[in-house]
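Note that the working numbering has the sequence shown beginning at 1, numbered continuously upward.
To start, the structure itself, in structure tokens.
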Amino acid sequence: MNRKSEFPTREELDEAFHYLHDQINRISVVEEVEMRKRDNERHEE
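Right, here's the structure in full:
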């Protein structure tokens with residue numbers, strides 16, 4: 001974080017936002033894959 005100010009710069013905030021957005025998307029994809037696997041297992045039984 002910028003030492004001259006107690007608040008992060010716009011660039012730092014944008015970088016953090018994009019990082020968090022990417023992580024949320026990855027988690028969503030993993031959860032979707034797991035949910036589909038469970039659904040397929042139920043239909044096979």
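Idealized CB from N, CA, C, for every residue including glycine.
Quick caveat, the model's predicted, so the values are computed rather than measured.
Query raised in the report: Residues in its own chain within less than 6 Å of Phe-17 by CB, not counting five upstream and five downstream?
Result: Residue numbering aside, residue 17 sits at position 17 when the sequence shown is read from its first letter. Excluding positions up to five away in sequence, the list is empty.
Query raised in the report: In three-state DSSP terms, what is Phe-7?
Result: Residue 7 sits at position 7 when you count from the first residue of the sequence shown. In the structure shown, Phe-7 sits in coil (DSSP, three-state: anything other than H, G, I, E or B).
Query raised in the report: In angstroms, rounded to a whole number, what distance separates the CA positions of Ile-24 and His-43?
Result: Locating residue 24 in the sequence shown gives position 24, counting from the first residue. Locating residue 43 in the sequence shown gives position 43, counting from the first residue. In a straight line, the C-alpha of Ile-24 is about 29 Å away from that of His-43.
Report task. May I have the straight-line CA-CA distance separating Glu-45 from Asp-22, to the nearest angstrom? Result -> Taking the sequence shown and counting its residues from 1, the one referred to as residue 45 is at position 45. Taking the sequence shown and counting its residues from 1, the one referred to as residue 22 is at position 22. Looking at the two C-alpha atoms, the distance is approximately 35 Å.
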